[in-house]
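Residue numbers (this note's numbering): 3 to 182.
Backbone N, C-alpha and C fix where the C-beta goes; we use that ideal spot for every residue, glycine too.
Take a look at the structure set out below.
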């Protein structure tokens, strides 16, 4: 099986055969450390285009598990989060977005990923995790944001506590915010 054959299927927009071809390539040549991660990456893209998000997630997780040191790992984490986000499985999306930020804070979409994760955690009622994500955002990216944006994020944490009837936590947050 040739890598080129898989690419040819992709060029013809035969997404499912292309994805299957790339997966077969990896099974037959798992030690092809340069091409195997790229084959799994391509398979993930092809599965997306074939509207099989479950398979896209599956091959991307395989890429992370087997070739986690690949230069494709950061973008793979982001794409898995985006896939879960796209099918409204927000807790899983948040998990992958958080892993991206923790492991690759310089990734081009790290800010977006962490903002999404925090909003998902808030929406799911995972108060402590939402607060943790917003605090992490301010700690990691606050210096590159406008003062207004940082203030809004800090204030948001107090609002989350208040909305969830954790009034003393909200008061503590608002007091800390006021004293800064």
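Please classify residue i: is it buried, with 16 or more other beta-carbons within 10 angstroms of its beta-carbon, or exposed?
i           : result
residue 135 : buried
residue 126 : exposed
residue 70  : exposed
residue 169 : exposed
residue 104 : exposed
residue 149 : exposed
residue 46  : buried
residue 165 : exposed
residue 177 : exposed
Could you have a look at residue i and say whether DSSP puts it in helix, strand or coil?
i           : result
residue 31  : coil
residue 62  : helix
residue 54  : coil
residue 36  : coil
residue 180 : helix
residue 1   : Past the boundaries of the shown model lies residue 1; the chain is included only from 3 to 182, so the question cannot be answered.
residue 2   : This structure gives no information on residue 2, because the portion of the chain shown stretches from 3 to 182.
residue 1   : Outside the displayed range of the chain (3 to 182) lies residue 1, so it cannot be described from this structure.
So, residue i versus residue j, is the Cβ gap smaller than 7 Å?
i           : j           : result
residue 74  : residue 32  : no
residue 17  : residue 52  : yes
residue 57  : residue 49  : yes
residue 99  : residue 88  : no
residue 19  : residue 11  : yes
residue 156 : residue 179 : yes
residue 175 : residue 159 : yes
residue 132 : residue 124 : yes
*Fully enclosed by the stretch 70–153, which alpha helix (DSSP H) runs are 4 residues long or longer?*
75–88, 92–105, 112–125, 129–143
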